[in-house]
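Peer 1: Provided herewith is a single structure, encoded as C-alpha cells, for subsequent inquiry.
2 protein chains.
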Amino acid sequence: MPSTKATYHHGDLRAACLSAAMELLEESGETALSLRAVARRAGVSPAAPYRHYADREALVSAVAALGYRELAQRLAAAHPSPSTPEQLTSVAVAYVQFALERPALFRIMFGEPCNRDNEERTAATAAVTLYLREIVARVFPDTDAEAMATATWALVHGLAFLHLDGKLDASTPSAVADRVTAAIHALLSATSHSGRASAVLPS
Amino acid sequence: MPSTKATYHHGDLRAACLSAAMELLEESGETALSLRAVARRAGVSPAAPYRHYADREALVSAVAALGYRELAQRLAAAHPSPSTPEQLTSVAVAYVQFALERPALFRIMFGEPCNRDNEERTAATAAVTLYLREIVARVFPDTDAEAMATATWALVHGLAFLHLDGKLDASTPSAVADRVTAAIHALLSATSHSGRASAVLPS
DNA sequence: CTAGAATGTTAACGGCGCTCACATTAGCTC
DNA sequence: GAGCTAATGTGAGCGCCGTTAACATTCTAG
Chain X
6 MPSTKATYHH
16 GDLRAACLSA
26 AMELLEESGE
36 TALSLRAVAR
46 RAGVSPAAPY
56 RHYADREALV
66 SAVAALGYRE
76 LAQRLAAAHP
86 SPSTPEQLTS
96 VAVAYVQFAL
106 ERPALFRIMF
116 GEPCNRDNEE
126 RTAATAAVTL
136 YLREIVARVF
146 PDTDAEAMAT
156 ATWALVHGLA
166 FLHLDGKLDA
176 STPSAVADRV
186 TAAIHALLSA
196 TSHSGRASAV
206 LPS
Chain P
6 MPSTKATYHH
16 GDLRAACLSA
26 AMELLEESGE
36 TALSLRAVAR
46 RAGVSPAAPY
56 RHYADREALV
66 SAVAALGYRE
76 LAQRLAAAHP
86 SPSTPEQLTS
96 VAVAYVQFAL
106 ERPALFRIMF
116 GEPCNRDNEE
126 RTAATAAVTL
136 YLREIVARVF
146 PDTDAEAMAT
156 ATWALVHGLA
166 FLHLDGKLDA
176 STPSAVADRV
186 TAAIHALLSA
196 TSHSGRASAV
206 LPS
C-alpha cells in the first residue's frame, strides 16, 4: 500500500506536480501544458496545485529549470569535458537531439515568453551558460571566450529550433547529426578560406 | 462614412482578421493571439472568422506567412544583396532586431508548434531559405552552400531566440548589435586545428 | 425575381487559469 | 493526549478561450 496515498493530504504535491507535468510533456508530443491536467494526473483537485505554485507560469518555470538540469546531464553524457572541435560537435549533436526527443519540454524551456525574474530558472540557465563558456574556452583557447560561447550556443540553439519547426528536415536522427556536423564544420572552415573576402581559394 | 461598415456583410473579413491580428500582436507585447480578440478587433462576432479560417492554427499560419514576408523585406532593407561578411553581419543584426522589435510575431513565426503542411507557410519559409542560401553562396563562394546557409541561419536564429528569452541581455539595440557582430566574427575567425585565429576580417 | 451560396449572428459546450469559501489534517504547545 | 493554528486539500464559480450548430442576412447567378 502506497503510504503517500489514501490520505487527505497528499504528502509532496509540489514534487508530484512536477513529475506529473514531465510525464504529460513526454506523452503528448506538442500540446501545451495545462495546470488542470497536471492536477488530474496527480490525482488532486484543480485548485490544489495553487498551494504550491503561484500560477501556471511558476509551474512552467519549475519544469523548465528541471529541463535545464536534464539537458546539462545529457550534454555531459555526450562528452564529459570536450577539448577538440570534434568533441564539441558531439555535444552539439546531443543538444539538438535533446530538443527533438523532448520537443514539448524544450519548447517550455525556450519557446515560451518566460518569467525573467524566476530565480530557479535564471540560475539553471546561468549554469548552462557557464558550462558552455568553459567548454568553448577549452576548445578555442585563442578567441574571445564570451563571444565564442555566445556564438556556439546560438548556433546549436538555432539548429535545434529550425529542426523542431520543420524548417530543416528532422526525419532521421542520423540526418540531423550529419547536418549539425556539417553546419559546424562549414562555419569553422569558412575563415581559413575567406580571410580576404575576395580571395577565392581552392578547397 | 466608411463604405466597408454598417453592412451585415463585412467586405473582406479575411484580410481584416489578418490585420487585426497584426495590430494585436504589436500592441500586447507577449500575450498569445486569441481568435476571439481578433474577432472583437475586427468588429465581428466570435464565430465569424471561422468562415475564413478553418481554426486558430490557420489564422496563425497566415499571420506567420505575412511575418516571413515582412522579415524578408526587413533583411533586404538592411542590405539588398550582401557580398561581404560585414554586409552579411548587418543583415544578421537586422534579423535579430526584427525578432526583438516584434517578439510576439516572431514567436508565432517560429515559436509555436507549427502546422507543417500549411502551404502558405511553407512557401514563405522556403523563400527565406532560398534568399539566405543565395546570400551565403555569394559571401562564402568556396564552401558548401547548403551547410553554410544552414549554419548562418541557425546562428542568427539562435541569437534572436536567446535574446528574446532573456538568456542574453537585450536592453539596448546597440548592445545587441555589438553582441551579434562579435559572435559572428568570433565564429568566423575561429580556426580549430589550423591555428591562426588572429586573421580577422578586413574592416 | 428568385433560389442557393456566401457570410454573418446567437447560443451553447467543454476546457482553461484562477479565486474564494470551506473542509481536513499536521504539528506545536500545554 | 487536548486544543489551537497553519498548512494543505476540496468544490463551486468567474470569465476567457476554441469550436460547433442552428439560424439570419445578403450577394449573385440563372
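Just so you know, the sequences run in chain order X and P.
If you count the first sequence from 1, position 6 lands on 11 in our numbering, and the numbers rise without skipping.
If you count the second sequence from 1, position 195 lands on 200 in our numbering, and the numbers rise without skipping.
Where is the CB? At the ideal position from N, CA and C, for every residue including glycine.
1) Can you list the residues of chain P that Arg121 of chain X reaches, using a CB-CB cut of under 7 Å?
2) Would you kindly check if the distance between the Cβ of Arg74 of chain P and the Cβ of Ala99 of chain P is under 8 Å?
3) Per the contact definition of three or more C-beta pairs closer than 8 Å, is the region 109-118 of chain X in contact with the region 28-38 of chain X?
4) Taking 8 Å as the threshold (beta carbon to beta carbon), is Pro118 of chain X in contact with chain P?
5) Residues of chain X with CB closer than 8 Å to the CB of Arg184 of chain P, please, in chain order.
6) My assumption, with CB atoms under 8 Å, is that Leu193 of chain P sits in contact with Ala195 of chain X. Please give the rounded CB distance.
7) Assuming Glu151 of chain P contacts Arg138 of chain P under a Cβ cut-off of 8 Å, what Cβ separation, rounded to an integer in Å, is found between them?
8) Out of curiosity, what's the CA-to-CA distance linking Lys172 of chain P and Ala132 of chain X?
9) Give me, in chain order, the residues of the same chain whose beta-carbon lies closer than 7 Å to that of Leu167 of chain P; leave out the 5 immediate sequence neighbours on both sides.
10) Which class does Arg74 of chain X belong to by DSSP, given the choice of helix, strand or coil?
11) Locate the alpha helix (DSSP H) running through Ala191 of chain P, then write down its first and last residues.
12) Which first and last residues belong to the alpha helix (DSSP H) in which Ser24 of chain X is found?
13) Does Ala202 of chain X come within less than 8 Å of chain P when only Cβ atoms are used?
14) Flag Ile189 of chain X as yes if its beta-carbon sits less than 8 Å from any beta-carbon of chain P, otherwise no.
15) Does the CB of Ser199 of chain X have a neighbour CB from chain P at under 8 Å?
16) To the nearest angstrom, how far is it from the Cα of Gly48 of chain X to the Cα of Glu91 of chain X?
17) Check whether chain P comes within 8 Å of Glu31 of chain X, counting only Cβ atoms and requiring the distance to be less than that.
18) Would Arg56 of chain X and Glu28 of chain X qualify as a contact pair, given that the criterion is a beta-carbon distance under 8 Å?
19) Should Ser66 of chain P be labelled buried (16 or more other beta-carbon atoms within 10 Å of its own) or exposed?
20) Between which residues of its own chain and Val161 of chain X is the CB-CB distance below 7 Å, once the five residues before and five after are set aside?
21) Can you find the residues in the same chain that come closer than 6 Å, C-beta to C-beta, to Ser176 of chain P, ignoring five residues on each side of it along the sequence?
22) What residues in its chain sit with their C-beta under 6 Å from that of Phe103 of chain P, if we drop five residues either side in the sequence?
23) Who are the Cβ neighbours of Ile140 of chain P in its own chain at under 6 Å, not counting the five residues just before and after it?
24) Use the C-beta contact count for Asp170 of chain P: other C-beta atoms within 10 angstroms, 16 or more gives buried, fewer gives exposed.
25) Just tell me which of X:Val43, X:Ala188, X:Ala42, X:Leu105 has its CA closest to the CA of Ala154 of chain P.
26) How big is the Cα-Cα spacing for Gly34 of chain X and Ala109 of chain P?
27) Mapping the DSSP letters down to three states, classify Glu62 of chain X as helix, strand or coil.
28) State yes or no: is the C-beta of Gly163 of chain X within less than 8 Å of the C-beta of Ala159 of chain P?
29) In chain P, which residues lie less than 9 Å from Thr130 of chain X when you measure between Cβ atoms?
30) With the cut-off set at 8 Å, would you say Arg143 of chain P and Glu31 of chain P are in Cβ contact?
31) By the DSSP assignment, the alpha helix (DSSP H) with Pro124 of chain X in it spans what residues?
32) List, in chain order, every chain X residue whose beta-carbon is nearer than 8 Å to that of Asp149 of chain P.
33) Tell me whether Ser95 of chain P sits in a helix, a strand or coil according to DSSP, three-state version.
34) Can you find a CB in chain P that lies within less than 8 Å of the CB of Ala98 of chain X?
35) Between Ala42 of chain P and chain X, is any beta-carbon pair separated by less than 8 Å?
Peer 2: Result, derived from the coordinates:
1) Within the first sequence, numbered from 1, the residue matching residue 121 of chain X stands at position 116. Near Arg121 of chain X (Cβ distances below 7 Å), the residues of chain P are Gly171.
2) Within the second sequence, residue 99 of chain P is the residue found at index 94, counting from 1. Within the second sequence, residue 74 of chain P is the residue found at index 69, counting from 1. For Ala99 of chain P and Arg74 of chain P, no; Cβs fall outside 8 Å.
3) yes
4) By one-based count along the first sequence, residue 118 of chain X stands at place 113. True, the Cβ-Cβ gap to chain P drops below 8 Å.
5) What you label residue 184 of chain P is simply residue 179 of the second sequence in a count that begins at 1. Per Cβ cutoff of 8 Å: Ala152, Thr155.
6) As a position in the second sequence, residue 193 of chain P is number 188, starting the count at 1. As a position in the first sequence, residue 195 of chain X is number 190, starting the count at 1. That pair is a contact at about 6 Å.
7) For the purposes of this step, residue 151 of chain P is taken as residue 146 along the second sequence, with counting starting at 1. For the purposes of this step, residue 138 of chain P is taken as residue 133 along the second sequence, with counting starting at 1. At roughly 7 Å, the Cβ-Cβ gap stays under 8 Å, so Glu151 of chain P and Arg138 of chain P are in contact.
8) By 1-based counting over the second sequence, the position of residue 172 of chain P is 167. By 1-based counting over the first sequence, the position of residue 132 of chain X is 127. Approximately 11 Å, taken between the alpha carbons.
9) In the second sequence, the residue the question calls residue 167 of chain P occupies position 162. Answer for Leu167 of chain P: Leu173, listed in chain order.
10) Within the first sequence, numbered from 1, the residue matching residue 74 of chain X stands at position 69. Of the three classes helix, strand and coil, the one that applies to Arg74 of chain X here is helix, per DSSP.
11) One-based indexing of the second sequence puts residue 191 of chain P at position 186. First-last of the alpha helix (DSSP H) with Ala191 of chain P: 178-194.
12) Within the first sequence, numbered from 1, the residue matching residue 24 of chain X stands at position 19. Counted as a single uninterrupted DSSP element, the alpha helix (DSSP H) harbouring Ser24 of chain X occupies residues 18-32.
13) Along the first sequence, one-based indexing puts residue 202 of chain X at 197. With a pLDDT of 39 at Ala202 of chain X, under the threshold of 50, the predicted position of this residue should be treated as unreliable, though the coordinate-derived value follows. True, the Cβ-Cβ gap to chain P drops below 8 Å.
14) In the first sequence, counting from the first residue as 1, residue 189 of chain X sits at position 184. Ile189 of chain X counts as touching chain P.
15) Looking up residue 199 of chain X in the first sequence gives position 194. With a pLDDT of 43 at Ser199 of chain X, under the threshold of 50, the modelled position of this residue cannot be trusted; read the value that follows with caution. Cβ-Cβ to chain P under 8 Å: yes for Ser199 of chain X.
16) Translated into positions along the first sequence, residue 48 of chain X becomes position 43. Translated into positions along the first sequence, residue 91 of chain X becomes position 86. For Gly48 of chain X and Glu91 of chain X, the distance between alpha carbons rounds to 47 Å.
17) If you number the first sequence from 1, residue 31 of chain X lands on position 26. Residue-level contact by beta carbon fails for Glu31 of chain X and chain P, as no gap is shorter than 8 Å.
18) Taking the first residue of the first sequence as 1, we reach residue 56 of chain X at position 51. Taking the first residue of the first sequence as 1, we reach residue 28 of chain X at position 23. Against a cut-off of 8 Å, the Cβ pair of Glu28 of chain X and Arg56 of chain X comes out as no contact.
19) Taking the second sequence and counting its residues from 1, the one referred to as residue 66 of chain P is at position 61. Residue burial annotation: Ser66 of chain P is buried, with at least 16 other C-beta atoms found within 10 angstroms of its C-beta.
20) Taking the first residue of the first sequence as position 1, residue 161 of chain X is located at position 156. Within the same chain, Val161 of chain X has close Cβ partners Ala97, Tyr100, Val101.
21) Here residue 176 of chain P corresponds to residue number 171 of the second sequence, with the count starting at 1. The answer is none, since no qualifying residue turns up.
22) Here residue 103 of chain P is taken as the residue at index 98 of the second sequence, counted from 1. Excluding residues within five positions, the ones whose Cβ falls inside 6 Å are Leu76, Arg79.
23) Taking the second sequence and counting its residues from 1, one reaches residue 140 of chain P at position 135. Excluding positions up to five away in sequence, the list reads Pro87.
24) The residue labelled residue 170 of chain P in the question sits at position 165 within the second sequence. Around the beta carbon of Asp170 of chain P, 16 or more other beta carbons lie within 10 angstroms, which makes this residue buried.
25) Taking the second sequence and counting its residues from 1, one reaches residue 154 of chain P at position 149. The residue with the shortest Cα to Cα distance from Ala154 of chain P is X:Ala188.
26) Here residue 34 of chain X refers to the residue found at position 29 when the first sequence is read from its first residue. Here residue 109 of chain P refers to the residue found at position 104 when the second sequence is read from its first residue. Approximately 23 Å, taken between the alpha carbons.
27) By 1-based counting over the first sequence, the position of residue 62 of chain X is 57. Three-state result, Glu62 of chain X: helix.
28) Position 158 of the first sequence, counting from 1, holds the residue named residue 163 of chain X. Position 154 of the second sequence, counting from 1, holds the residue named residue 159 of chain P. Taking 8 Å as the cut-off, the Cβ atoms of Gly163 of chain X and Ala159 of chain P count as close.
29) For this step, residue 130 of chain X is matched to residue 125 along the first sequence. Residues of chain P passing the Cβ test: Asp170, Gly171, Lys172.
30) On the second sequence, residue 143 of chain P is found 138 positions in, with the first residue counted as 1. On the second sequence, residue 31 of chain P is found 26 positions in, with the first residue counted as 1. Going by C-beta atoms, Arg143 of chain P is not nearer than 8 Å to Glu31 of chain P.
31) As a working note, residue 124 of chain X is residue 119 in the first sequence. First, the amino acid is wrong: residue 124 of chain X is Glu here, not Pro. Where Glu124 of chain X is concerned, the enclosing alpha helix (DSSP H) stretches over 124-144.
32) In the second sequence, the residue the question calls residue 149 of chain P occupies position 144. Those within 8 Å of Asp149 of chain P in chain X are Ala187, Ala191.
33) Here the question's residue 95 of chain P lines up with position 90 in the second sequence. Three-state result, Ser95 of chain P: helix.
34) Your numbering for residue 98 of chain X matches position 93 in the first sequence. Per the sequence presented here, residue 98 of chain X reads as Val, with Ala not at that position. For Val98 of chain X, the answer is no, since every Cβ of chain P falls outside 8 Å of its Cβ.
35) If you number the second sequence from 1, residue 42 of chain P lands on position 37. False, the Cβ-Cβ gap to chain X never drops below 8 Å.
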